[in-house]
Structure formats: structure tokens, C-alpha cells
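A.B. asks: Residue 408 in the working numbering is what sits at position 408 of the sequence shown, and the numbering runs on without skipping anything.
We treat Cβ as the ideally placed atom computed from N, Cα and C, and that holds for glycine.
Before I ask anything, let me first share the structure, which is written out below as C-alpha cells.
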Amino acid sequence: MKSYSVKELLSKQPVGDTVEVNGWVKTFRSNRFVALNDGSTINNLQCVVDFENLDDALLKQITTGAALKISGTLVESQGRGQSVEILASKIFVHGAADPETYPIQPKKHSLEFLREKAHLRVRTNTFSAVMRVRSAMAFAIHSYFQQNGFYYMHAPIITGSDAEGAGEMFRVSVLDAKNPPLDEKGEVDYGQDFFGKETNLTVSGQLEAETYAMGLGKVYTFGPTFRAENSNTSRHLAEFWMIEPEMAFYDLDANMDLAEDFIKWILKYVLDHCSEDLEFLEKRLLDEEKSKPQNERSDMALIEKLKFVVDNNFKRVSYTEAIDILKNSKPNKKKKFQFPIDEWGADLQSEHERFLVEKHFKCPVILFDYPANIKAFYMRLNEDGKTVRAMDVLFPGIGEIVGGSQREERLEVLQQKISELGIDEKELWWYLDLRRFGTAVHSGFGLGFERMVQFATGMGNIRDVIPYPRSPQNAEF
Ligand code: 4AD
Ligand code: MG
1 MKSYSVKELL SKQPVGDTVE VNGWVKTFRS NRFVALNDGS TINNLQCVVD
51 FENLDDALLK QITTGAALKI SGTLVESQGR GQSVEILASK IFVHGAADPE
101 TYPIQPKKHS LEFLREKAHL RVRTNTFSAV MRVRSAMAFA IHSYFQQNGF
151 YYMHAPIITG SDAEGAGEMF RVSVLDAKNP PLDEKGEVDY GQDFFGKETN
201 LTVSGQLEAE TYAMGLGKVY TFGPTFRAEN SNTSRHLAEF WMIEPEMAFY
251 DLDANMDLAE DFIKWILKYV LDHCSEDLEF LEKRLLDEEK SKPQNERSDM
301 ALIEKLKFVV DNNFKRVSYT EAIDILKNSK PNKKKKFQFP IDEWGADLQS
351 EHERFLVEKH FKCPVILFDY PANIKAFYMR LNEDGKTVRA MDVLFPGIGE
401 IVGGSQREER LEVLQQKISE LGIDEKELWW YLDLRRFGTA VHSGFGLGFE
451 RMVQFATGMG NIRDVIPYPR SPQNAEF
């Protein structure tokens with residue numbers, strides 16, 4: 001007897017065949033109808049249990065969450081809502097799920113509740129849909145780069161450098177925390193640590209990706225990154241996945257073109273390959289929005305919003321123009337921003353980014369040419385001496401989704417910057433070597449994978465688009 005996934009049975013419909021399928025019980029109605037799901041699709045397969053003498057002990061075990069193997073004949077369905085169903089002739093219980101204690105019951109659970117049951121939440125429709133979309137997006141990202149002449153580069157996860165210079169790193173150490181060795185100054189002596197120096201989990205693979213781009217031409221990283229920033233928001237994780245393409249001979253314009261094309265391609269892929277999950281997520285979102293006041297509801301349903309991004313040009317605006325718009329904006333004049341904008345040089349907060357995207361331009365925006373002193377040390381200084389060739393892609397509902405730049409390729413300018421910031425040149429000797437040997441214009445950016453999944457699935461909290469979110473005070477599982 002052939003074993004099929006639920007998805008195969010629903011799409012191939014081998015009516016008349018005797019088939020076998022495994023899965024978990026979603027619901028069991030009238031002691032007769034099992035809705036079975038195995039994760040292969042958002043849709044359940046109806047199995048009709050119609051035995052003459054259904055064993056009572058077996059019947060008791062068919063409850064929500066139980067794992068079953070069902071064999072029987074696939075027939076056209078009599079009921080509404082499904083095309084085929086199985087007339088079960090045999091049921092094997094892999095494992096029961098005690099209804100008294102199994103937490104995922106066939107009713108609406110809050111996302112907060114499910115976060116505490118993160119090991120079981122993937123059995124809900126919402127999380128299985130999100131995780132299938134996440135998987136498809138990861139595949140789409142690799143396909144995009146592989147088709148466009150990029151090489152996948154694995155940047156190290158343990159690193160001795162702070163790529164973003166923000167000092168928000170998780171230390172990696174094997175020293176005895178209670179009794180670490182000390183040097184003459186009484187400081188912890190990392191010379192005696194595993195690597196003979198202080199090391200951390202990486203915040204970004206960019207610096208190493210730059211070295212590879214200056215040999216392979218076009219590379220990308222796609223891996224976990226770690227930030228010990230104490231940001232308890234719906235857009236921050238302490239462990240998140242980042243995609244970082246880095247390209248030799250690309251200037252900022254080429255970098256922006258790539259970012260836009262890349263993002264559109266991922267969303268197009270999801271629209272083309274995840275339509276059933278998107279339809280489900282769209283319906284979920286509409287239900288959720290019903291409980292919100294009219295003015296907080298979004299103008300577009302999920303699928304329409306994704307299509308809008310795919311079909312329209314992103315608006316490119318310089319930081320200086322953006323500041324003018326913000327300075328003269330209604331919320332700024334009415335003192336509605338938590339951080340008022342009164343002069344050039346202010347760092348943009350997510351409230352400003354969202355105003356520009358959601359209220360002013362009403363489309364994705366790429367801001368470029370930021371003030372040097374609010375951006376990282378490696379960005380290329382413009383002729384004006386005060387702005388750098390930075391770019392951020394801002395998305396509705398999300399804010400910053402991509403951060404990137406053209407890199408400073410001039411040795412002296414970079415050395416000057418490093419010394420101004422008080423960074424020891426010795427720590428970046430290898431990075432500076434790139435500027436000594438065959439330096440060239442180059443650029444890259446980082447896309448926050450979870451923020452992208454958030455946008456594609458419409459999930460409001462970043463903790464609901466990664467299997468096991470890591471955030472301050474939370475590393476369960
Ligand atoms: O803007 P960021 O900090 O840029 C970099 O790390 C550069 N080295 C990238 C590069 O040029 N190669 O981070 C890039 C993106 C952000 O735009 C955001 O989408 C995401 O990473 N991100 C986070 N996502 C989740 N949780 C956090 N704590 C994040 N911090 C950044
Ligand atoms: Mg950034």
C-alpha cells in the first residue's frame with residue numbers, strides 16, 4: 001500500500017486507490033470524521049471512520065493532537081469543503097495525546113500563549129503556515145543569488161571583531177566565570193581564554209564577506225547573527241538570521257538596484273509558491289484587524305500588499321530630503337513624535353521611518369546619504385565630508401528591513417575614521433589590508449530575514465516568525 005502526504009492526496013487525488021497516510025488529528029467530530037494534518041499543507045484531509053465495530057479503546061485515543069496512521073480507500077467527498085476523503089479501514093495510533101493536558105486544542109489560542117508552548121505551536125495553522133513560508137523564502141533567497149552569479153559564503157560565527165562597532169555582543173569564553181584569571185591591571189586575562197583573545201558571537205558577517213567579495217566578486221552570507229541590545233520590541237531579536245550580499249565594483253546605486261530587485265523577487269516567489277498559506281494568513285489578519293479601531297486597520301489585505309511591493313518602484317530619497325519632510329510634517333509640528341525632529345543630523349527612529357513609508361510616500365522607501373556620525377565606520381565618505389554612502393530600505397509596518405552601504409575603499413580615509421573612533425588599527429589589520437592590496441569600489445547590504453518573513457506573512461511580532469525566539473530574559477527551549 002502506498003503512503004502519501006496529505007498534500008499529495010489532495011492534489012493528485014488517486015480516487016479508488018487504497019492508500020495510507022500519517023498525521024496528527026486536528027479535530028474529531030461525531031465519532032466519525034477525523035481531520036488529519038501532517039504539515040505538508042495548510043489543508044486537512046478528512047478521514048471517515050466508519051467501522052462496524054469500532055473498538056472503544058481505539059476510539060478514545062482519537063483526540064486532537066494524537067499521531068495516527070490511517071489506511072483506506074480514497075473516494076470523492078460527499079461533504080462540502082473537500083474534494084476527496086479517505087474511508088478508513090484501519091487506524092494505527094502512533095501516539096495518543098491526553099486531552100486533559102495537551103495544550104493545543106481546536107480553539108483560538110493567543111499568540112502570547114503559544115509563545116510559551118513554542119515546542120507545540122507549529123501544530124497550529126498559523127505557525128505551520130508561517131514556517132512553510134519562511135522555508136520557501138530561504139530557498140528563494142539562495143535561488144536568487146545562485147542564479148545571479150553570487151557565491152554562498154559562510155562567515156564565521158565566533159569572531160574577534162565588532163563589525164558594527166556598537167559593542168552589543170555576546171561574549172564567547174571558556175574561562176571560569178567565578179574565578180577568571182586576571183592580568184597585572186586586575187582585568188580579566190583573555191590571553192588565557194580558549195582563543196587567546198576576547199571573542200564574541202558575530203553581529204554581522206559583513207567584514208569577512210568583504211574580503212571574499214574582493215576575490216570571488218559577488219558573494220552572500222545567510223546565517224545567524226547575535227545582538228545583545230536590550231530592545232524588547234516586536235522587531236528585535238537577540239538571535240536573528242541575516243542575508244548579506246557583498247559585491248566588488250558595485251557603487252551605491254547598483255547596491256540599491258540589487259536590494260530592490262532582490263526583495264521583489266523573494267516576494268514574487270512567495271506569491272507564486274505559497275498561495276494557500278498566504279490566503280490563510282490573509283484571512284487570519286483580517287480577523288485580527290476586526291478587533292482594531294478603523295484608523296489602525298491597514299488599507300490593503302496581505303496579498304494585495306505583497307503585489308503592490310512587487311509591482312511598484314521603491315521611492316529613493318536622500319536623508320536630507322527626508323529630514324525636510326519630517327521637520328514640516330503634521331506629527332512633528334503637533335509634537336506627536338516621541339523624538340521630535342528639529343535639525344539635520346538627528347538619528348531616525350522607527351516612528352519617523354514609518355511616517356515616511358506609511359503616511360507620506362505610501363510605498364517602500366530607500367533612504368540614502370546619511371550623516372556620517374550616525375552610521376558605522378566602514379561607510380564611504382561623500383565629497384561633502386559629512387554624509388556617507390549609506391542606504392536603508394524602509395517597509396510599511398516594519399520600518400528598516402535592509403541596511404547597507406558603499407564601503408570606504410580608500411586606505412587613508414578609513415584609517416582616519418578608525419582613529420577618530422578610537423578603534424585600534426591592529427584589530428582591523430586584515431580589513432585594512434583589503435585597501436592596501438587591489439582595493440576597489442564595493443558595496444553590500446544586510447537584510448533581516450525575520451523582518452522580511454514578518455512582512456510576507458503579516459505577523460505583527462518578530463517572535464512569531466522564528467521557531468525559538470531569543471530575546472532579553474528569554475531563552476527557553
Ligand atoms: O542595519 P544593520 O545593523 O546592518 C548591518 O549589520 C550591516 N553589516 C549589513 C551590511 O551592510 N552587510 O542590520 C541589517 C538588518 C536590519 O536592516 C534589520 O532588518 C536586521 O538586519 N536587524 C535585526 N533584525 C532582528 N533583530 C535585530 N536585533 C536586528 N538588528 C538588525
Ligand atoms: Mg541599520
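Quick check: is any heavy atom of the ligand MG less than 7 angstroms from the C-beta of E400?
C.D. replies: The sequence position of residue 400 within the sequence shown is 400, counting from 1. Yes - the ligand MG has a heavy atom lying nearer than 7 angstroms to the Cβ of E400.
A.B. asks: Please determine whether the Cβ atom of G403 lies at a distance below 7 angstroms from any heavy atom of the ligand MG.
C.D. replies: On the sequence shown, position 403 is the one that residue 403 refers to. Checking every heavy atom of the ligand MG against the Cβ of G403, one is found closer than 7 angstroms.
A.B. asks: In angstroms, rounded to a whole number, what distance separates the CA positions of D369 and N382?
C.D. replies: Within the sequence shown, residue 369 is the residue found at index 369, counting from 1. Within the sequence shown, residue 382 is the residue found at index 382, counting from 1. Using only the alpha carbons, I get a separation of about 8 angstroms.
A.B. asks: Using 8 angstroms as the threshold, is the C-beta distance between P224 and I141 below it?
C.D. replies: Taking the first residue of the sequence shown as position 1, residue 224 is located at position 224. Taking the first residue of the sequence shown as position 1, residue 141 is located at position 141. Taking 8 angstroms as the Cβ cut-off, P224 and I141 do not qualify as a contacting pair.
A.B. asks: Can you grab the Cα-Cα spacing for the pair Y468 / N328, in whole Å?
C.D. replies: Your numbering for residue 468 matches position 468 in the sequence shown. Your numbering for residue 328 matches position 328 in the sequence shown. For Y468 and N328, the distance between alpha carbons rounds to 42 angstroms.
A.B. asks: Hey, how far is the Cα of I42 from the Cα of E246?
C.D. replies: Taking the sequence shown and counting its residues from 1, one reaches residue 42 at position 42. Taking the sequence shown and counting its residues from 1, one reaches residue 246 at position 246. Answer to the nearest angstrom: the Cα atoms are 36 angstroms apart.
A.B. asks: Our contact map puts S71 next to K90 with C-beta atoms below 8 angstroms; I'd like the distance itself, whole angstroms only.
C.D. replies: Working through the sequence shown from its first residue, we reach residue 71 at position 71. Working through the sequence shown from its first residue, we reach residue 90 at position 90. The pair is a contact, with the Cβ atoms about 5 angstroms apart (cut-off 8 angstroms).
A.B. asks: In terms of residues, what are the limits of the beta strand (DSSP E) holding I62?
C.D. replies: Residue mapping note: residue 62 aligns to position 62 of the sequence shown, counting from 1. Run containing I62: none; DSSP gives neither H nor E here.
A.B. asks: Across which residues does DSSP place K2 in a beta bridge pair?
C.D. replies: In the sequence shown, residue 2 corresponds to position 2, counting from 1. Answer is V19.
A.B. asks: Please look up how many angstroms separate the CB atoms of Q398 and Q454, rounded, as I've assumed it's under 8 angstroms.
C.D. replies: Taking the sequence shown and counting its residues from 1, one reaches residue 398 at position 398. Taking the sequence shown and counting its residues from 1, one reaches residue 454 at position 454. A small correction: the amino acid at residue 398 is Ile; Gln does not occupy that position in the sequence shown. So it is a contact: roughly 6 angstroms between Cβ atoms.
A.B. asks: I need the straight-line Cα distance from E304 to F355, nearest angstrom please.
C.D. replies: If you number the sequence shown from 1, residue 304 lands on position 304. If you number the sequence shown from 1, residue 355 lands on position 355. Rounded to whole angstroms, E304 to F355 spans 21 angstroms at the Cα level.
A.B. asks: Would you mind working out which of C274, S443 and L207 sits nearest E427, comparing C-alpha positions?
C.D. replies: Here residue 427 refers to the residue found at position 427 when the sequence shown is read from its first residue. The candidate whose alpha carbon is nearest that of E427 is L207.
A.B. asks: Can you check whether the CB of R316 is closer than 8 angstroms to the CB of I366?
C.D. replies: Looking up residue 366 in the sequence shown gives position 366. Looking up residue 316 in the sequence shown gives position 316. Yes, the Cβ-Cβ distance between I366 and R316 is below 8 angstroms.
A.B. asks: Can you name, in chain order, every residue of its own chain whose Cβ lies under 6 angstroms from the Cβ of G458, other than the five neighbours on each side?
C.D. replies: Here the question's residue 458 lines up with position 458 in the sequence shown. Only L281, L285 and L302 meet the Cβ criterion.
A.B. asks: Would you please state the rounded distance, in angstroms, between the beta carbons of A155 and A209? I believe it to be under 8 angstroms.
C.D. replies: The residue given as residue 155 occupies position 155 in the sequence shown. The residue given as residue 209 occupies position 209 in the sequence shown. A155 to A209, Cβ: 6 angstroms. Contact.
A.B. asks: Buried or exposed, going by whether 16 or more other CB atoms sit within 10 Å of the CB of K218?
C.D. replies: Taking the sequence shown and counting its residues from 1, the one referred to as residue 218 is at position 218. That one is buried.
A.B. asks: Less than 8 angstroms between the C-beta atoms of F222 and A238, yes or no?
C.D. replies: Counted from its first residue, the sequence shown places residue 222 at position 222. Counted from its first residue, the sequence shown places residue 238 at position 238. Not closer than 8 angstroms, so no.
A.B. asks: Using 8 angstroms as the Cβ pair cut-off and three pairs as the minimum, do the stretch 59-75 and the stretch 14-23 touch?
C.D. replies: Yes, they touch.
A.B. asks: Decide if G65 is buried, meaning its Cβ has at least 16 other Cβ atoms within 10 Å, or exposed.
C.D. replies: Here residue 65 corresponds to residue number 65 of the sequence shown, with the count starting at 1. Classification for G65: buried.
A.B. asks: With which residues is A390 paired in a DSSP beta bridge?
C.D. replies: Numbered from 1 along the sequence shown, position 390 holds the residue referred to as residue 390. Answer is S405, bridged to A390.
A.B. asks: Is A96 near the ligand 4AD, going by C-beta to nearest heavy atom under 7 angstroms?
C.D. replies: To locate residue 96, count along the sequence shown from 1; it is residue 96. Flag unset: Cβ of A96 not near the ligand 4AD.
A.B. asks: When you compare only the Cα positions, how much space is there between K2 and T159?
C.D. replies: Translated into the one-based positions of the sequence shown, residue 2 becomes position 2. Translated into the one-based positions of the sequence shown, residue 159 becomes position 159. One C-alpha to the other measures close to 50 angstroms.
A.B. asks: Can you list, in chain order, the residues of its chain with a C-beta nearer than 8 angstroms to that of F477? Leave out the 5 residues immediately preceding and following it.
C.D. replies: As a first step, residue 477 is located in the sequence shown; it is residue number 477 there, counting from the start. So the qualifying residues of the chain are A118, H119 and Y468.
A.B. asks: Any chance the CB of D392 is under 7 angstroms from a heavy atom of the ligand MG?
C.D. replies: Here residue 392 refers to the residue found at position 392 when the sequence shown is read from its first residue. Within the cutoff, so yes.
A.B. asks: Nearest CA to the CA of D98: which residue from R389, R121, G165 and Q61?
C.D. replies: By 1-based counting over the sequence shown, the position of residue 98 is 98. When each option's Cα is compared against that of D98, the closest is Q61.
A.B. asks: Would you mind working out which of H352, G385 and K375 sits nearest P396, comparing C-alpha positions?
C.D. replies: Your numbering for residue 396 matches position 396 in the sequence shown. Considering only alpha carbons, the answer is H352.
A.B. asks: Determine the DSSP secondary structure at F113, reduced to helix, strand or coil.
C.D. replies: Residue numbering aside, residue 113 sits at position 113 when the sequence shown is read from its first letter. Note: F113 maps to helix in three-state DSSP.
A.B. asks: Which residues mark the beginning and the end of the alpha helix (DSSP H) in which I341 is found?
C.D. replies: The count along the sequence shown starts at 1 and reaches residue 341 at position 341. Unbroken run through I341: none, as it is neither H nor E.
A.B. asks: I want to check one thing, is the minimum distance from the CB of F139 to the heavy atoms of the ligand 4AD below 7 angstroms?
C.D. replies: Reading the sequence shown from its first residue, position 139 is the one you call residue 139. No.
A.B. asks: Quick check on the burial criterion: 16 or more other C-beta atoms within 10 angstroms. Buried or exposed for S405?
C.D. replies: Stepping through the sequence shown from its first residue, residue 405 is reached at position 405. Buried, because 16 or more other Cβ atoms sit within 10 Å of the Cβ of S405.
A.B. asks: V86: which of L36, E279 and L114 sits nearest, CA to CA?
C.D. replies: Taking the sequence shown and counting its residues from 1, the one referred to as residue 86 is at position 86. With the sequence shown as reference, residue 86 is identified as Ile, and Val is not the correct amino acid for it. Here the closest residue by C-alpha is L36.
A.B. asks: Spatial neighbours of L432 within its chain, please: CB distance less than 6 angstroms, with the 5 preceding and 5 following residues excluded, ordered by chain position.
C.D. replies: The count along the sequence shown starts at 1 and reaches residue 432 at position 432. Nothing meets the Cβ criterion.
A.B. asks: For I374, is the classification buried or exposed, using 16 other Cβ atoms within 10 angstroms of its Cβ as the cut-off for buried?
C.D. replies: Here residue 374 corresponds to residue number 374 of the sequence shown, with the count starting at 1. Exposed, by the Cβ-count rule.
A.B. asks: May I have the straight-line CA-CA distance separating A96 from P106, to the nearest angstrom?
C.D. replies: Indexing the sequence shown from 1 puts residue 96 at position 96. Indexing the sequence shown from 1 puts residue 106 at position 106. Straight-line Cα distance between these residues: approximately 16 angstroms.
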